[in-house]
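Reviewing the structure listed below.
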Amino acid sequence: MTPSPLVPTGGATVRAVNDEFHGDLLEVSMGPHHPSTHGVFRMVVTLDGERITKLKPVLGYLHRNHEKIGESTSYLGSMPYTDRLDYLNAMTNNWAYALAVERLGGLSVPERAEYLRVILAELSRLQNHVCLAGFLLQDTGASGTPLMYAFREREKILDLFEALSGSRMMCNFQRFGGCRTDASPAWLAQVAALVGGFGRFLDEFEELITGNEILMARTQGVGVLKGPAAVAAGITGPMLRAAGVGYDIRKVDGYGLYPRFTFRVPIGAHGDTYDRYMIRILEMRESIGILEQALRDIPAGPIMDPKAKLRGFRPKPGESYGRIEGPKGEIGFYLISDGSANPYRYRVRPPSFVNLTVLEDLCLGHTIADSVVILGSIDIVLGEVDR
Amino acid sequence: MLGSGLLQGLGVTAKNLVGSFHDPKRLTTVEYPEQKTKLPEAYRNFPFLVSESAEDPMGTLRCVACQICEKECPPQCIFIEKSKDKKPDATGKMQIYPAVFLIDSSVCMNCQICVEVCPFDAIKMDHEYEIATTERFNALLLDREALAKPNSYFHEIRPEEAAEVDGRLAAERKAAEEKAKAAALAKASAAAKPAAPPSAVPPKAEPPKPSASA
Amino acid sequence: METPDQICSRILSRLPGAEVSVLQNPGPAAQHSLLVGRQSVLEVAEFLRDDPELRLDYCSNVTGVDWPEKIIVDVSKVSTPDPAGGAPKVTEVKTERVQPGYLEVVYHLYSVSLRHGPVILRTRTAGRDALAAVPSLTPVWRSAEFQEREIFDLFGVVFENHPDLRRILMWDGFKDHPMRRDYVEPEDYEWEPTPHGDLVEKAKKARAQAGGTPG
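Protein chains in written order, with the numbering used here: chain X, 74 to 460; chain U, 10 to 223; chain C, 246 to 460.
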């Protein structure tokens with residue numbers, strides 16, 4: 074087998090690779106302009122008939138050197154840029170960054186702001202997972218309907234984000250030592266109304282999808298990932314829990330006020346694509362429970378640490394790593410301060426970039442149509458993968 | 010039974026289809042651009058400069074060209090040149106003003122940091138979102154004439170925030186006026202003192218009030 | 246969980262030849278790290294992963310840090326006795342020394358089975374150019390695979406024994422390493438009228454040509 078170096082042609086590259094054993098192998102370049110790849114992502118797939126024998130992900134089409142920008146911007150100035158990492162979950166990105174900076178600067182967060190953060194993070198988880206369920210079904214060939222049902226619900230959550238932060242997706246809401254604006258009682262009542270109706274929507278969505286024979290045939294037993302392999306490869310988030318490992322940073326680190334809330338961590342038994350879908354549905358149900366508790370208990374009070382300064386924030390020299398359980402997995406920020414207004418080193422630990430490590434393992438032996446479903450179940454966002 | 014899942018799913022879509030004819034709440038879309046949804050007050054899109062009056066926007070800009078927003082803007086899309094002369098600002102103090110104020114809206118990312126750092130409430134986020142142009146460079150580089158919008162417009166789009174800002178500015182203006190009056194009186198009394206003969210009754214000028222500094 | 250000092254002393258008792266020390270973090274986060282010499286980093290990593298009390302089976306974050314060459318000025322006071330018998334004269338002597346630059350690779354390790362962490366492992370290259378190499382820890386933690394490729398790409402650290410060391414985010418023909426502190430951006434941007442720095446003049450010219458107010 075002597076493959077010549079693949080020349081990117083901009084479109085699909087298909088060429089034969091000769092192999093004495095299997096006859097002709099085909100090398101297919103899927104993406105970067107392909108709707109199934111969830112953005113500008115390319116997979117160079119070697120096919121034996123319809124089976125995948127090799128898969129190499131090609132990244133970097135959306136690379137803008139986010140970390141370099143972070144090092145030439147002030148601490149505050151990086152906050153709106155974190156919205157654009159995983160652009161579906163600006164709220165959790167903001168929180169992870171704020172957490173790292175608060176550790177770096179030794180700031181504390183008032184109780185009401187912590188509650189607001191939990192509410193926003195769980196709303197963010199709801200809209201990410203509902204979105205993913207829609208996309209995953211779109212990838213299996215269920216064009217339109219489930220995705221539109223999912224987006225209808227997501228839109229309601231985005232409207233809430235807009236009413237609070239001013240923007241549907243680029244929220245830029247958290248600040249070091251608190252939140253930017255306070256939530257009015259009317260806003261909290263709207264959240265409560267949404268949370269009250271979300272369980273019903275999930276029931277309807279599951280009625281539409283979960284028992285569907287086509288979905289089961291397309292996802293059960295496809296892309297099986299076992300627990301030890303997942304831990305070694307650094308997989309986090311719903312994907313790790315679908316592989317049967319009960320590791321949730323909300324429980325392990327207990328950041329924010331999560332130790333105050335009672336919720337369960339759903340764990341999968343098979344580690345296949347269907348499990349990854351179901352884990353997200355179950356996590357949404359747990360998130361509803363967290364939101365109900367948070368809305369019940371949120372106290373009145375300030376939302377900013379009085380020590381915190383908006384401008385001219387210069388933490389003492391040192392470093393910190395802050396991580397939270399984002400909807401896609403562990404999102405972490407590693408910062409080194411040299412005492413100046415800009416971080417010396419600004420690093421993002423992107424969950425979906427690391428989760429891509431196992432893409433080839435999951436796809437080997439499956440058909441090319443399955444690779445699309447497997448990629449969909451990993452839940453990548455290229456803004457975060459490429460940075 | 011094979012196919013029961015499919016039938017169940019089709020039942021859900023049928024219920025939603027029929028339901029949308031009976032219950033307008035189930036229709037979740039609007040016919041843009043004929044219909045538009047109401048924007049929440051907090052909605053933000055490109056910044057604008059607040060001027061006190063609609064008739065003379067350039068003369069009554071609240072901006073004093075302090076250049077804080079220019080420094081803090083994360084994508085560096087603001088460019089300000091200070092004026093050489095001074096004119097009275099919103100609180101009546103003599104201030105410099107921006108001779109040039111440019112925002113490159115092709116670079117701006119609507120993050121609102123300029124608004125948060127502005128100590129003069131001079132720059133605010135707009136509700137305008139239909140901003141497409143056919144010209145790529147100059148039409149997207151907005152100068153201060155294009156950016157200035159009157160305070161009445163600010164009241165229209167964000168009534169709560171505008172009322173709060175106006176109240177604060179009025180209090181500041183009042184405090185500044187009292188301070189100026191007190192300073193003038195003190196000056197007058199100080200000028201009167203050495204002129205008065207030593208045996209005469211001391212001037213009846215009021216002692217300067219402790220100024221309520223803003 | 247054990248403190249970094251305890252871990253360090255246990256490593257030294259198990260692997261007597263290893264170069265390990267604890268690097269203090271002066272900030273409020275107080276996340277201290279283990280600084281390991283590159284000759285012993287592989288065995289230390291295996292120890293950390295397999296030790297029953299640590300079981301750091303999950304490598305969360307791998308990143309590089311560039312520390313360029315730095316000139317450090319040492320100030321020392323030298324007192325010379327006065328020959329006339331008065332007070333000794335004190336002069337300040339400044340000596341400059343060059344601290345050679347290096348690249349640092351930082352690993353944040355957690356334990357999924359024992360639910361603790363982080364233990365921060367750092368190792369340094371000998372230099373920034375031809376000597377920028379450290380052993381890859383991908384054989385120990387597979388999660389380092391993409392992240393080490395990224396560090397190779399953006400910082401130019403060569404990971405020995407990495408299974409697939411290629412550029413990952415930049416394209417294959419790219420020459421430089423953009424995350425280094427001394428990286429200079431190429432002058433190949435599309436022109437935009439962002440009125441900052443050198444672009445002010447260009448913006449003014451464009452405004453004048455368009456007949457608008459001079460910006």
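Ideal Cβ positions, reconstructed from N, Cα and C, are used throughout, including at glycine. Only a predicted model underlies this, so the values are computations on that prediction, with no experimental measurement involved.
Contact between the region 374-381 of chain X and the region 347-362 of chain X (3+ Cβ pairs under 8 angstroms): With fewer than three CB-CB distances shorter than 8 angstroms, the region 374-381 of chain X does not count as touching the region 347-362 of chain X.
Residues bridged to Phe-404/C (per DSSP): As a working note, residue 404/C is residue 159 in the third sequence. Note: Phe-404/C is bridge-paired with Val-379/C in the DSSP secondary-structure output.
Exposed unless 16 or more other CB atoms sit within 10 angstroms - verdict on Pro-271/C: One-based indexing of the third sequence puts residue 271/C at position 26. Exposed.
Residues bridged to Asn-54/U [DSSP beta-bridge criterion]: Locating residue 54/U in the second sequence gives position 45, counting from the first residue. Note: Asn-54/U sits in a beta bridge opposite Asp-135/U.
Where His-107/X sits in the DSSP three-state scheme: Here residue 107/X is taken as the residue at index 34 of the first sequence, counted from 1. Note: His-107/X maps to coil in three-state DSSP.
For Arg-460/X and Glu-140/X, believed in contact at Cβ under 8 angstroms, the rounded distance: Position 67 of the first sequence, counting from 1, holds the residue named residue 140/X. Position 387 of the first sequence, counting from 1, holds the residue named residue 460/X. About 7 angstroms; that satisfies the 8 angstroms criterion.
As assigned by DSSP and simplified to three states, the class of Phe-406/X: By one-based count along the first sequence, residue 406/X stands at place 333. DSSP, read as helix, strand or coil, puts Phe-406/X in strand.
Residue interval of the alpha helix (DSSP H) (run including Val-351/C): Position 106 of the third sequence, counted from the first residue, corresponds to residue 351/C. Annotation: Val-351/C is outside any alpha helix (DSSP H); the continuous beta strand (DSSP E) that includes it extends over 347-356.
Length of the line joining the Cα atoms of Arg-176/X and Thr-143/U: The count along the first sequence starts at 1 and reaches residue 176/X at position 103. The count along the second sequence starts at 1 and reaches residue 143/U at position 134. Rounded to whole angstroms, the gap between the alpha carbons of Arg-176/X and Thr-143/U is 47 angstroms.
Bridge-paired residues (DSSP) for Glu-398/X: Against the first sequence, residue 398/X aligns to sequence position 325. Paired residue(s): Glu-403/X.
Cβ-based contacts, 7 angstroms cut-off: residues of the region 107-123 of chain U near chain X: Those residues of the region 107-123 of chain U that come within reach of chain X (Cβ to Cβ, closer than 7 angstroms) are Met-118, Asn-119, Cys-120, Gln-121, Ile-122.
Chain X contact for Pro-33/U (CB, 7 angstroms cutoff): Position 24 of the second sequence holds residue 33/U. No, its Cβ sits nowhere closer than 7 angstroms to a Cβ of chain X.
Contact residues within the region 309-343 of chain X, judged by C-beta distance below 7 angstroms to chain C: So the close ones are Val-318, Tyr-320, Val-325.
Integer Cβ distance of Tyr-350/X from Leu-209/X, believed to fall under 8 angstroms: For the purposes of this step, residue 350/X is taken as residue 277 along the first sequence, with counting starting at 1. For the purposes of this step, residue 209/X is taken as residue 136 along the first sequence, with counting starting at 1. Correct: roughly 6 angstroms between the Cβ atoms.
Three-pair Cβ contact test at 8 angstroms for the region 245-253 of chain X versus the region 431-448 of chain X: The answer is no - the region 431-448 of chain X does not touch the region 245-253 of chain X, with fewer than three Cβ pairs under 8 angstroms.
contact_flag[the region 109-118 of chain U, the region 148-167 of chain U] where n(CB pairs < 8 angstroms) is 3 or more: Two segments are said to touch when three or more pairs of C-beta atoms, one from each, lie closer than 8 angstroms; by this definition the region 109-118 of chain U touches the region 148-167 of chain U.
Top-ranked residue by Cα proximity to Gly-438/X, from Arg-333/X, Thr-126/X, Val-118/X, Ile-322/X: Taking the first residue of the first sequence as position 1, residue 438/X is located at position 365. Comparing Cα positions, the closest option is Thr-126/X.
Whole-angstrom C-beta distance between Leu-366/C and Pro-281/C, which should lie under 8 angstroms: For this step, residue 281/C is matched to residue 36 along the third sequence. For this step, residue 366/C is matched to residue 121 along the third sequence. Looking at the sequence shown, residue 281/C is not Pro but Val. 6 angstroms between Cβ atoms; contact.
Contact check, Pro-153/X vs Cys-120/U, beta carbons under 7 angstroms: By 1-based counting over the first sequence, the position of residue 153/X is 80. By 1-based counting over the second sequence, the position of residue 120/U is 111. The Cβ-Cβ distance between Pro-153/X and Cys-120/U falls below 7 angstroms.
Closer than 8 angstroms at the beta carbon, the chain X residues around Phe-391/C: Translated into positions along the third sequence, residue 391/C becomes position 146. Using a Cβ-Cβ cut-off of 8 angstroms, Phe-391/C is close to Phe-426, Val-427, Leu-429, Thr-430 of chain X, given in chain order.
For Ser-444/X and Val-101/X, the rounded distance between their alpha carbons: Reading the first sequence from its first residue, position 28 is the one you call residue 101/X. Reading the first sequence from its first residue, position 371 is the one you call residue 444/X. A straight line joining the alpha-carbon of Val-101/X with that of Ser-444/X spans about 12 angstroms.
Chain X within 7 angstroms of Pro-423/C, Cβ atoms only: Here residue 423/C refers to the residue found at position 178 of the third sequence. Yes, because at least one Cβ of chain X sits closer than 7 angstroms to the Cβ of Pro-423/C.
Length at least 4, wholly inside the region 285-310 of chain C: the alpha helix (DSSP H) runs in chain order: The qualifying runs are 286-295.
Reference Ile-132/U, options Met-103/U, Cys-82/U, Arg-145/U, closest by Cα: As a working note, residue 132/U is residue 123 in the second sequence. Among Met-103/U, Cys-82/U, Arg-145/U, the Cα nearest to that of Ile-132/U is on Cys-82/U.
Chain X within 7 angstroms of Tyr-41/U, Cβ atoms only: By one-based count along the second sequence, residue 41/U stands at place 32. No, because no Cβ of chain X sits closer than 7 angstroms to the Cβ of Tyr-41/U.
Within chain X, the residues that Asn-464/C reaches when beta carbons sit closer than 8 angstroms: In the structure as shown, chain C starts at 246 and stops at 460, and residue 464/C therefore has no counterpart that could be examined.
Residue environment, Ala-259/X, which counts as buried when at least 16 other CB atoms sit within 10 Å: Counting from one through the first sequence, the residue named residue 259/X turns up at place 186. The residue in question, Ala-259/X, is exposed, as its Cβ has fewer than 16 Cβ neighbours within 10 Å.
Cβ contact (3+ pairs, closer than 8 angstroms) linking the region 406-413 of chain C and the region 373-384 of chain C: Contact check between the region 406-413 of chain C and the region 373-384 of chain C: three or more CB pairs, one atom from each, fall below 8 angstroms, which counts as touching.
Any C-beta of chain X under 7 angstroms from that of Ser-388/C: Taking the third sequence and counting its residues from 1, the one referred to as residue 388/C is at position 143. Judged by the 7 angstroms Cβ criterion, Ser-388/C is in contact with chain X.
Short CB-CB distance (under 7 angstroms) between Asn-245/X and chain U: Looking up residue 245/X in the first sequence gives position 172. Chain U, which has a Cβ nearer than 7 angstroms to the Cβ of Asn-245/X, makes this yes.
Within chain C, the residues that Ala-169/X reaches when beta carbons sit closer than 7 angstroms: Taking the first residue of the first sequence as position 1, residue 169/X is located at position 96. By Cβ distance, chain C contributes nothing, its closest Cβ being about 12 angstroms from Ala-169/X, past 7 angstroms.
Gly-14/U at chain X interface by Cβ criterion, 7 angstroms: As a first step, residue 14/U is located in the second sequence; it is residue number 5 there, counting from the start. Chain X contact via Cβ: present.
Chain-ordered chain C contacts of Lys-389/X [CB-CB under 8 angstroms]: The residue given as residue 389/X occupies position 316 in the first sequence. The answer, in chain order, is Pro-271, Gly-272, Pro-273.
Buried or exposed by the 16-neighbour rule on C-beta atoms within 10 Å, applied to Arg-157/X: Numbered from 1 along the first sequence, position 84 holds the residue referred to as residue 157/X. By the neighbour-count rule (16 or more Cβ atoms within 10 Å), Arg-157/X is buried.
Reference Lys-24/U; option with closest CA among Arg-241/X, Glu-144/X, Phe-278/X: Position 15 of the second sequence holds residue 24/U. Measuring from the Cα of Lys-24/U, the nearest candidate turns out to be Phe-278/X.
Contact set between the region 219-250 of chain X and chain C, restricted to residues whose Cβ is under 9 angstroms from the partner: In summary, no residue of the region 219-250 of chain X has a CB separated from any CB of chain C by less than 9 angstroms.
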